[in-house]
Amino acid sequence: MATHTQPCGKAMAVSEEWRQQWIEELMSDCGKQLSEGICEKAVSKIRSNVSYEESAQQLRSLQQTGLLKLTDLKYNPGKFFEAHRLLARHAPNLGPGFWIRFTVHYNLFAGSVLAVGNEQQVKQLEEIQQKGFLGCFGLTEKLAGVNSGGVVNTIAEWDDQTQEFVITSPEVGAQKNWISQGLVGELAVVVADLRVAGKRCGAHAFLMELRDAKGPVPNVEFGDMGRKTVGNDLDNAWIAFHGARVPRHTLLSRYGDVQPGNGGTYVSKVKGLTNMAMIGQRLFSGRVAVAWAALTFTRKLFEMTRAYSDHKKCWIPKNSTLTEVPQLQHLYLRADETLKKLENFVGSCEKQLSDCLQKDEIPPMALQEAIASAKILASETSIDLCFRLKQDVGSHALMGDTGFEQMDFLQACKFAEGDSRILMQKLARDRVRISSPLGSSFLD
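Count along the sequence shown from 1, add 1, and you get the number used in this note's numbering.
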């Protein structure tokens, strides 16, 4: 099986110099610009056998290097996606924890600010990065998980007298759930159903503080989701809001705002666009990133296993290596061919999406469907290939530090940014909606 340090697909190119800085070390003069010690942090230095607090500190240091800006998703998407791929190559060794922490911060948190924040709110990202603050994304709820299709029961009620929003989890089922980085992040983009003067205005996003120097902010409760099979260097929290008050300026208000006075008035700034629709833009970039992560993990696991099987002597008539056992040899060839096709497909999706991101345009429906399909195909095919590899390589797959112990990384890819089954149902539903009624062609 061929070894690839870069994807075979048509992904947007970044400079080799930047790639090496991201992988190994930063620019030699970075110490003149950044605090002592930060220069030593780079992707190759990331460790997973640490507490989630230590893992969070690794991300704080990494983002403070400035190698990848929180605004690069829009202004340099090629670098954004390449950073995700390079991190995913470490996943067979590190597991999913740090990769998820990274994409939550750069894509879901910062990306949502880019998508629905006003000009001043977007400018805040520079300060957030310089200070090393971390953010999480509060969308998923206990009764609205990956199978829900985006239900939001958290409430944000406008208080016209104080000119604040009061954020409440009205019941246990409305508590935010499985919020990655929720136990350490200083900030959060929280999605809640906005109510103004007794009227429901739909799901909106709020850029709010979760913690300050003294600890958690008032009226916000946190809990740990518990130990996982992999990725325990990542904190996953449930978050409950008990009338938490946030200022008016926390509403990410690029497309909608609240005008104070007379109980408050909701103002839609762009006709035909909703905040929730624009928040959903992060699903497109996230799905491309997840697709790349699944393929990159699989490519790396096959490389690691091939390096072992090429040198593992075993008895067959010619006294050859494990690689030459027919079923394994066939799997290597099949995997390489399949991965190349998918890498080309995902690379094409990335290139087209990057163009939309830079132009600040909503991807056309055909591209939205292609991205959803890419995410499904990449994650499901990766699960299948890696499982088959595990069956065919023998007892090696039972050993530690082989990459096989981190295969639940792919399970996370399966349900991240839309569970594969839900996405397939959505694709089928949308297809039915745009199709002509059965027999209509005979009525013309």
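The C-beta atom is built at its ideal place from N, Cα and C for all residues, glycine as well.
I47 and L109 do not touch by the CB rule: their CB atoms are close to 20 Å apart, not below 8 Å.
The beta carbon of L343 lies closer than 7 Å to those of L296, L378, A379 and T382 in the same chain, with the five residues before and after it left out.
The way I'd put it, the stretch 118-132 doesn't touch the stretch 80-87; fewer than three beta-carbon pairs between them come closer than 8 Å.
In the DSSP annotation of this structure, H250 is not part of any beta strand (DSSP E), being labelled neither H nor E.
Setting aside the 5 residues that flank it on each side, A375 is surrounded in the same chain by R288, V289, A292, L343, F346, V347 and C350, each with a C-beta closer than 8 Å to its C-beta; the list follows chain order. Counting C-beta pairs closer than 8 Å gives fewer than three between the stretch 391-405 and the stretch 75-83, which falls short of the contact rule. Taking a C-beta distance under 7 Å as the contact criterion, L211 and V190 do not qualify as a contact pair. With fewer than 16 other CB atoms across the displayed protein chains lying within 10 angstroms of its CB, R228 is exposed. Distance from F410 to L354 at the Cβ level is roughly 23 Å; contact not present, criterion being Cβ atoms closer than 8 Å.
Scanning the stretch 305-379 for uninterrupted alpha helix (DSSP H) segments of 4 residues or longer gives 327-360, listed from N- to C-terminal end. Within 10 angstroms of the beta-carbon of Q64 lie 16 or more other beta-carbons, which makes it buried. The count of Cβ pairs closer than 8 Å, one atom from the stretch 411-429 and one from the stretch 323-335, stays below three, leaving the stretches out of contact. In the DSSP assignment, E418 falls outside any alpha helix (DSSP H) and carries neither an H nor an E. Here DSSP, grouped into helix, strand and coil, assigns Y267 to strand. Boundaries of the alpha helix (DSSP H) harbouring I280: N276 to I280, taken from the DSSP string.
In the three-state DSSP reduction, P217 falls in the strand class (E or B). The DSSP assignment places complete alpha helix (DSSP H) segments of no fewer than 4 residues inside the stretch 108-147 at 111-117 and 120-132, in order along the chain. The C-beta of Q131 has fewer than 16 other C-beta atoms within 10 Å across all chains shown, which makes the residue exposed. Where F81 is concerned, the enclosing alpha helix (DSSP H) starts and stops at P78 to A89. Taken through DSSP and simplified to helix, strand or coil, N233 comes out as coil. For R196, there is no enclosing alpha helix (DSSP H); the enclosing beta strand (DSSP E) has its first and last residue at L188 to V197. For L208, the enclosing beta strand (DSSP E) stretches over residues K200 to E210. For A157, the secondary structure class from DSSP, reduced to helix, strand or coil, is strand. By the neighbour-count criterion, in which 16 or more other beta carbons inside 10 Å mark a residue as buried, W316 falls on the exposed side.
Counting along the chain, the unbroken beta strand (DSSP E) around Q260 starts and ends at G257 to Q260. Counting other Cβ atoms within 10 Å of its Cβ, G262 stays below 16 and is therefore classed as exposed.
Comparing C-alpha distances from W239 to each of K200, E128, N178 and R255 shows the shortest one belongs to N178. Take V173, set aside five residues on each side of it, and the residues of its chain with a beta-carbon closer than 7 Å to its own are K143, in chain order. Counting along the chain, no beta strand (DSSP E) covers E172, and no H or E run does either. Judged by DSSP in its simplified three-state form, D402 adopts coil rather than helix or strand. With respect to the C-alpha of L274, the residue from L424, G203 and D73 having the closest C-alpha is G203. Going by DSSP, S62 is part of no beta strand (DSSP E) but of the alpha helix (DSSP H) stretching over Y53 to Q65. Comparing alpha carbon positions, the residue from G139, K75 and R61 closest to E362 is K75. With 16 or more other Cβ atoms from the protein chains shown falling within 10 Å of its own Cβ, S170 counts as buried. The continuous alpha helix (DSSP H) containing N94 extends over residues A92 to L95.
For G183 against N220, the beta-carbon gap comes to about 16 Å, at or over 8 Å, which does not count as contact.
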